[in-house]
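Counted from 1, the sequence shown has number 17 at position 17 by the UniProt record's numbering; the numbering is strictly sequential.
For glycine and all other residues, C-beta sits at the position ideal for the given N, C-alpha and C.
All values derive from a computational prediction rather than experimental measurement.
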Amino acid sequence: MTDNSSQQSDDAVTDGGRAADDAVTDGGRAADDAATDGGVAASAAQAHNDTDYLGAEVNILNPSTPYMRDHLRIVWSGFAVWVLAVWGPVTLTRIAPGPMTSQMPILGFPLHYFLVAFGAPTSALILAFWYSRKRDALDEKYGIDHADVAESKSGAGVAAADGGTEE
1 MTDNSSQQSD
11 DAVTDGGRAA
21 DDAVTDGGRA
31 ADDAATDGGV
41 AASAAQAHND
51 TDYLGAEVNI
61 LNPSTPYMRD
71 HLRIVWSGFA
81 VWVLAVWGPV
91 TLTRIAPGPM
101 TSQMPILGFP
111 LHYFLVAFGA
121 PTSALILAFW
131 YSRKRDALDE
141 KYGIDHADVA
151 ESKSGAGVAA
161 ADGGTEE
């Protein structure tokens with residue numbers, strides 16, 4: 001930062017967050033402001049469009065972008081539910097074998113057998129549905145539209161798996 005011995009502000013942060021030639025401070029549009037089309041993209045979607053995902057560091061425990069952090073939160077939540085659904089009945093059978101091995105009154109199966117044979121696969125289907133809904137909501141939040149790539153007939157929007165060379 002430069003040495004500013006006068007009492008004048010030299011950046012936008014010291015004068016309330018606005019630059020001196022901002023449209024709000026001069027009563028109209030500043031000369032170098034870009035006109036927008038009035039779109040409704042959320043700030044998360046704008047940040048997503050400005051992020052260089054190929055250059056961003058990928059760290060599964062500390063993601064570098066908001067989209068990756070939100071997606072990781074969804075993945076870890078689903079993983080925790082999956083662990084409880086799959087390993088919960090097995091662990092409870094080890095801890096409390098009496099109630100878990102007793103016969104169910106309606107079907108006649110042992111409780112632990114029913115929870116593992118029916119509960120685990122059913123919970124996997126429910127988790128798959130939940131994940132797809134959460135992922136669609138996350139893509140919508142960040143302005144990601146998969147229809148653009150799918151509708152491309154020339155293949156221009158499809159990623160090249162051979163390093164980007166055309167044949």
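| query | result |
| --- | --- |
| Residue from 144, 127, 145 whose Cα sits closest to the Cα of residue 75 | 127 |
| Whole-number beta carbon distance between residue 78 and residue 130, since they are thought to touch under 8 Å | 7 Å |
| Residues that residue 110 bridges to, as DSSP identifies them | 103 |
| Assumed close pair residue 111, residue 99 - CB separation to whole angstroms, cut-off 8 Å | 7 Å |
| Rounded separation between residue 133 and residue 73 - CA only | 14 Å |
| Under 8 Å between C-beta atoms of residue 85 and residue 123 | yes |
| Where residue 93 falls, given that 16 or more other Cβ within 10 Å makes a residue buried | buried |
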